[in-house]
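As numbered in mature numbering (1 follows the signal peptide of the UniProt record, and there is no 0), residues -25 to -1, 1 to 1067 make up the sequence shown, in order. C-beta atoms are modelled at their ideal positions from N, C-alpha and C, and glycine is treated no differently. Below is one structure; the comments refer to it alone.
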Amino acid sequence: MRLTMETSPLIKLISLTLLLASAMAGPSLEEQAGALLAWKATLESQPAQLQSWENNSWPCSWHGISCSSKHQQQPVITGISLRGLGLRGELHTLNFSALATLTSIQLAQNQIRGSLPPSLASSLPNLRHLMLQANQLSGEIPSELGYLRKLRALDFSNNNLTGHVPRILGNLTKLANLSLADNQLSGYLPPELGYLVNLRWLVLSQNKLMGPIPRNLGNLTKLNNLFLGDNQLSGYLPRELGYLVNLGGLHLWQNKLMGSIPATFGSLLNLTSLYLRYNQLSGHIPRELGYLVKLFELELQHNKLMGFVPDIFGNLTKLSYLYLGDNQLSGHIPRELGYLVNMRKLDLRNNKLIGSIPATFGSLVNLTSLVLWDNQLFGPLPDMFGNLTKLSLLHLDGNKFCGHVPREIGTLMDLQYLQLNGNNFSGPLPPDLCAGGKLERLTAFDNNLNGPLPSSLVHCLSLVRVRLERNQIEGDISELGIHPNMVYIDMSSNKLYGQLSNHWRDWHNLTKLNISNNNIMGNIPTSMGLLSQLKVLDLSSNKLEGELPSKLGNVKSLFHLSLADNLLYGSIPQEIGALYNLEILDLSSNNLSGSIKGSVEHCLKLRFLKLSHNNFEGNIPTELGVVSSLQGLLDLSDNSFVGAIPSQLSGLSMLDTLNLSHNELNGSIPASFGSMESLTSIDVSYNELEGPIPESRLFLRAPLQCFMHNKMLCGVVKGLPPYSSATQSEGQRTPYGKIVLATVPILISLVLVIAILKFRHERKKSKATSTDNVTQLASMFSVWSFDGTNVFKQIAEATDNFSEVHCIGTGGYGSVYKARLATCEIFAVKKIRTIEDEYGVNESMFNREIGALVQIRHRNIVKLFGYCSSSQGRFLIYEYMERGNLAETLRTNKRAIELDWKRRVNIVLDVIHALAYMHHDCTSPIVHRDITSSNILLDVEFRAFISDFGTAKILNVSGPNITRLAGTKGYLAPELAYTENVTEKCDVYSFGVLVIELFLGSHPGDLLSSIYLTTNNNDLCLKDLLDSRLELPGAETAREIYNVLSVAVRCLEPNPSRRPTTRHASDELSSGNQTCEGHHVDYLHANLTIPT
């Protein structure tokens, strides 16, 4: 009993010590296993590898679980490695506090979603490796991670993380690997990253990081790889990066970096890859880069680098990939590049290089790709190409090469892509072309090639795309073999002859066939009706005969069909009306006959219809007026149509040109034609028409020749007898005159009634109480052509009372909401700031101006349906445009590439036509005052529409012009710096900026200040102003763009009186007059000059 009493305190001490030790030891292995099993139960997927995770099994033997024990203590879990198992779940359901002994977490390449739990950091003090890359994590990076002082590797790349890179990560001084690439991180690069002196990998590419690269990154002397590509970093390249002597990879591609490449980069002697492509770097390429003898890849393309290609690059004998394209490099190609025997890909495209291809290139026996297009290289090609046996891609287009194409090119067995177009090559194509059976793409258009098609090419089954147009190639078209992989073939404007074979059913993938302007004879094969993928078929300007095959109606994908200028006869098959995707149909200059009713009027997507110079007869179908998509041309001239001109044709509200001349039409020109405001040209000469000509601006401007040789037309056209019903006797008075005389008394009576009602209304209004006024102000609706109150209620419901969820844009004049009504109609509703508060403009003045804008009717001006005013504010109701604004389209690479050169030219035409209408065709001229890319909207077919009249004003031609400055910085005319007088010429200047931006792909910014001066000095050529995201345009398209940009540059004239009017610019752009003479002008390199 005594012993027990004496030892009792000792037992208590031992028990307490064991208890504390147990507590300090943390959770037991059983508790850790329970936490993992609980997390497993929350996973949406249970891969087979996790079947070993069971209650009755030893946790340290589970798949992906590693354990450790110290001093023979009970083991604890220290590692989780479940990479690439397809796990679906969240980290929040894992109890990290039960796993405090973890030193490594590897859960990469799964489908783990949700945010990163902050408890992960606070619960795992021993964590050294945290690898969660390639998952679906979202949210911000918790700043608590900065307390994981033992962390050596942190990889969150390829997730959906947002927010900033936490500055506190600079505390992780033991970190060797930091990878946050391919997320949506934004903000600046924290300079605190420069404290991570043990870092070997810093990977932050493919985010939205902005601002300069911190200079103190030059402190990270252990760094092996610095990857910051595909962000929005700006500023200069820090010369301090040249201190990172252990660097193997420096990737800064696709940012907004500017200035020159630091010469200190020549100290990076361990560098194997240097990616600086897609920036705004300028100056010369430093010769010091020639010291980087370990360099394997050098990518400097798509910058503004100038000067010569350093010949010292011949020292880089390990170099396999050299990309210097899309710069402003000049001089000769250094022969020393031929010493780089390990070179696989050499790309010098789109520079100003001159001279010939060095003969030393024959030593580049490992070369697979040689790209030299769009330079100023000249002379014959060297005979060394036979040595380049591994060559699969050869692009020499857009230069001034001449002579024969070397036969040796045909012997290259691996050749897949050959582009020779836009040179001065002559003679035949190599006879063995496609001998290797791998050739997929051959483009040699716009040369002087002659001779027959090589037999090896005729039977080349691998061909996908062939362009040989505008040469002098001869041969029998019937010998053209079967090409099941062919997608695109254009051999127009050559000297092909013979008849078309009947094997077209085997060309399964063909989308375009153009063999126009040759000497092909015979019938159109019915098997062409089996080309189910065909979109463009152009057989025009040949000697084809026979009837149109009805089977062509089976090619539902067809949107361009041109069979003009042949010897076809018979009628148009009714099956042609089944081509519901057809947009362009040209059957002109044949011997077709019969009625056109029942065929073409069913092609409801037609934009261009030309049936002239045939023998069609009968009436013009009234149903053509329903084809509202017709906008370019409707030409039915030189046929035998009879009867009256259908008044329904006035329903073609977007039609530009109408030609009904040289027929046998009678009656009068429908008065409704006067409302066709989109029409710019009409010709009804050589018919039997009579009566008055409609009074509209179109007819007032139309030349007399368009109405001559008719029965008795009269009216507004100069040279025709004037129309006057008063001079006619009662017996001779036309029904038209009788209607007018009968209507006059009715109109006078109507005016009197309206005046009386208005007078009574004003008297009632003046007696209204102040309570009534308050009620009116609380809810006043003025929506033209609608029941205002009802429409406003519908819009409020459709936008959840103008919730931010429905907001699709904001600007200086308000917010825009997308409103889908219960009727499925979609409107763009603009909530504008209160006019009185900001400008002191009264309600009645605003109503008058909006009323005038509502009356605007032009195919390229966004329809303004009306205006609502309520206690919630003022709202303008516009037509909704599916593709949004031009600025957003240009900012997005994918959408900008869809906007090809032709579409951009058409956008310019759309905008200038609309501006000319606003300035010259409205009752009172309208100045928009804010012509910007944000205010140009695009519909699904990339048609352009001017929008946002929040700043527009009606000009009082008899009074002073606008004196309130408005507009957007970067588009404002220079005279607004010293005057407030806003005129139409201010819109002209903004239009010039817009056009430069459209073709450059971004706002010209500081380039604007030098464009006008540069063009006067002949230093600016077309290529300098083209969006590098698109392939360079062909010769004809380049001519069109040259003409457009020449007009745009004149619009930037500092003196407003010397700028063209929009009417003049519209007429010049519509006519497409060439500024440079000559058939072989190189427009891409032609200088943009301003006429004095």
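Residues near residue i in its chain [Cβ-Cβ closer than 6 Å; skip 5 each side]
i            : result
N423         : S401
S1041        : I887, H888, A891
L371         : L347, L395
residue 1074 : Only positions -25 to 1067 of the chain appear in the structure, and residue 1074 is not among them; the question remains open.
Q84          : R58, G59, A109
L673         : L654
P2           : A73
Y133         : Looking at the sequence provided, one finds Asn at residue 133 rather than Tyr. Once the five neighbours on either side are set aside, the close Cβ partners of N133 are Q108, A109, D157.
N446         : N422, L424, N469
residue 1122 : This structure cannot settle anything about residue 1122, because the visible part of the chain is limited to -25 through 1067.
Own chain, CB closer than 8 Å to residue i, minus 5 neighbours either side, in chain order
i    : result
S563 : A539, D540, K585, L586, S587, H588, N589, D610
R382 : P405, P406, D407
T148 : R124, Y170, L171, V172, N173
N860 : G784, S908, S909, N910, I911, L912, L913, S922
G138 : G114, E115, I116, L160, S161, G162
L640 : I595, F616, V617, G618, A619, I620, V659, N662, E663, L664
P500 : L475, S476, N477, W479, P524
K572 : G593, N594, P596, E598
Residue of the options minimising C-alpha distance to residue i
i            : options                  : result
residue 1068 : R1038, L368, P165        : Nothing about residue 1068 can be reported from this structure: the residues present for the chain run from -25 to 1067 only.
P403         : P427, L387, N641         : P427
H307         : M388, L291, G282, N290   : G282
Y698         : R676, P667, R672         : P667
W228         : L273, E311, L74          : L273
G300         : R324, N290, G313         : R324
S491         : W482, R480, K572, L512   : L512
L436         : T418, G39, G412          : G412
V268         : L144, N290, P261, P285   : N290
K531         : G618, D130, Q508         : Q508
G967         : N484, D999, V1022, A1013 : V1022
H434         : N425, S257, G456, R445   : G456
T78          : G980, S36, R127          : R127
C689         : M651, S656, S650, A646   : A646
N489         : L471, G504, V1024, L514  : L514
Q7           : R442, G54, S636, G528    : G54
C897         : S295, S154, P100, R832   : R832
Bridge partner(s) assigned by DSSP for residue i
i            : result
N498         : Beta-bridge pairing links N498 to no other residue.
residue 1093 : This structure gives no information on residue 1093, because the portion of the chain shown stretches from -25 to 1067.
I921         : I836, I911
W176         : N152, N200
H307         : I329
Y298         : E274, D322
K487         : Y463, V511
T785         : S790
Under 7 Å between C-beta atoms of residue i and residue j
i            : j    : result
G552         : S570 : no
P406         : P429 : yes
M683         : S660 : yes
R477         : S516 : The amino acid occupying residue 477 in the given sequence is Asn; Arg does not appear at that position. No, they are not a contact pair.
F583         : N556 : no
T68          : W14  : yes
S94          : F71  : yes
G241         : E215 : no
G473         : I452 : yes
residue 1076 : D905 : As displayed, the chain neither begins before -25 nor continues past 1067, which places residue 1076 out of reach and without an answer.
L328         : N350 : yes
Short CB-CB distance (under 7 Å) between residue i and chain B
i    : result
R672 : This model lacks chain B altogether, as it is built from one protein chain only.
Near the ligand ZN: residue i beta-carbon under 6 Å from a heavy atom
i    : result
S257 : With respect to small molecules bound, the structure shown includes none, and the ligand ZN cannot be examined in it.
Close beta carbons around residue i, own chain, < 7 Å, minus the five adjacent residues each side
i     : result
P1008 : W876, I1016
E857  : D914, V915
Using 8 Å as the threshold, is the stretch 865 to 880 in touch with the stretch 943 to 957, meaning 3 or more CB pairs across them? no
Count Cβ pairs between the stretch 56 to 73 and the stretch 9 to 26 that sit closer than 8 Å; are there 3 or more? yes
At least three beta-carbon pairs within less than 8 Å, the stretch 326 to 342 to the stretch 1015 to 1022: no
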